[in-house]
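Protein chains in written order, with this note's numbering: chain G, 1 to 212; chain L, 213 to 510.
All C-beta atoms in this analysis are idealised placements derived from N, C-alpha and C, irrespective of residue type, glycine included.
One structure is given below, encoded as structure tokens.
As structure tokens, this is what we get:
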């Protein structure tokens, strides 16, 4: 398959289970490198990129994992603060943004709770807050609203929408048709048996800076 | 937000959940350090004893005048002293006084002093020149001519095997220290790999968020350094207790030979430096092992 994503675009990636959505997302957020083919991200070929340059690229990407992948020994606050700490933000500078983000996802009162004591929906919200806290240039979310109620799903999608309006390219893999229909300007990529279909014409956009 | 490679702050030290003394590694390092300090102390003590033996006795000889008749014994002793004082290569000659002889023989003959009925040889201590030592054979021949009852004992001759044994033991101790250092390094590598496996999912998350290998390695390095510091401290303290106990037993024996194997002040400094060296070694080995393992990850 061959496609490009427009910088600042909002994309839904859909398709039946086992179609390869998660594999495609892993290539996007640099969890895997392809054995062949070409992937350009932020204007650079990431297939041949030296390994030591990967951390700088990964800091520009926010990821919501399907299985959340929260650090089990850290509180909700510390999990959300992790990308900022990795990037070297001082402790005094991260408390405000992390608390604000906790409030955004409705977990202001669970700041000290560890993942094991959070419900599935709460864990998912922490994972989303962690993915967006550093204002990434590319946000990749794998079934980000699968465990939350419709009201919270709407609220989280609004968060993605706000980020997108600020310039973040958003790619969300989902089965949720309500979710897809709630962002009017979003474009849809449908993956089926290794083939990428293009129901909304999203693939016709020429590649710009943020591309894959 | 700042870019570049940063250290994790104190808050992120919690990323590795287990307490610093949760695993067996600190105790393994403590045992290793205990044995290393004992081996190093043995090496230092034996090295000092070998040097002391060489310096104190190796260049000395003893002349005995074994003559039952006190008058002839005295006359031969005087002639022997006179001859020795004029020999090239002899630095100092000292006739052992009756009082010193009585003190030497007191453990066997009691404190009643030398009985004139007991024929005790006259003894002469001879200090040989270290720069130009004489031929002991020619000295022996000259002595026998001047004093037919004289016997010349070369202290170095009977001390040499002891000195060689002490040197061999010293090198054995050094080899043991090196083996212990190697075993400690191997233990640290295994512990580092085990820690990486235990925390693989956390490391993957950190990597995907843009953490560099050096950032991740620092988390493990710090913890392993703390383990090594604890183990080193415990091992050193236990070894010091054993060394003090052995020292007091040796002192109670009153043996000059065993007493010469005491540790010099610099030796103690070296022993205390061993745990510090252990911590640095553990950090470097752990860092190398972790960075190599992380390098194989995506």
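query	result
Assigned exposure category for residue 320 of chain L - 16 Cβ within 10 Å defines buried	exposed
Contacting residues, own chain, Cβ-Cβ under 7 Å from residue 233 of chain L (five flanking each side not counted)	With a pLDDT of only 48 at residue 233 of chain L, under 50, the local geometry of the prediction cannot be trusted, and no value is derived from it.
Three-way DSSP call (helix, strand, coil) for residue 33 of chain G in this model	coil
Counted within 10 angstroms of its Cβ, other Cβ atoms place residue 425 of chain L as buried (16 or more) or exposed	buried
Contact under 8 Å by Cβ, residue 482 of chain L with residue 252 of chain L	yes
Rounded straight-line distance, which links the Cα of residue 387 of chain L to that of residue 492 of chain L	20 Å
DSSP beta-bridge partners of residue 275 of chain L	L/336 and L/364
Closest residue to residue 364 of chain L among L/490, L/508 and L/276 (Cα-Cα distance)	L/276
Cβ-based burial, residue 79 of chain G [other Cβ within 10 Å; buried from 16]	buried
Three-state secondary structure assigned by DSSP to residue 141 of chain G	strand
CA-to-CA distance, residue 438 of chain L to residue 496 of chain L, given in whole angstroms	13 Å
Beta carbon proximity, residue 32 of chain G to chain L, threshold 8 Å	yes
Sufficient close CB pairs (3 or more, under 8 Å) joining the segment 30 to 42 of chain G to the segment 181 to 190 of chain G	no
Residue range of the alpha helix (DSSP H) that includes residue 313 of chain L	310 to 321
Alpha-carbon spacing of residue 341 of chain L relative to residue 280 of chain L, whole angstroms	32 Å
CA-to-CA distance, residue 389 of chain L to residue 488 of chain L, given in whole angstroms	15 Å
Residue 317 of chain L vs residue 332 of chain L beta-carbon contact at 8 Å	yes
Test item: CB-CB of residue 160 of chain G and residue 170 of chain G under 8 Å	yes
Those residues which DSSP pairs with residue 40 of chain G across a bridge	G/45
Cα-Cα separation, residue 414 of chain L to residue 123 of chain G	16 Å
Collapsed DSSP secondary structure at residue 9 of chain G in the structure displayed	coil
Where the alpha helix (DSSP H) containing residue 96 of chain G begins and where it ends	91 to 104
Coarse secondary structure for residue 421 of chain L, derived from DSSP in three states	coil
Buried/exposed call for residue 433 of chain L, threshold 16 Cβ in 10 Å	buried
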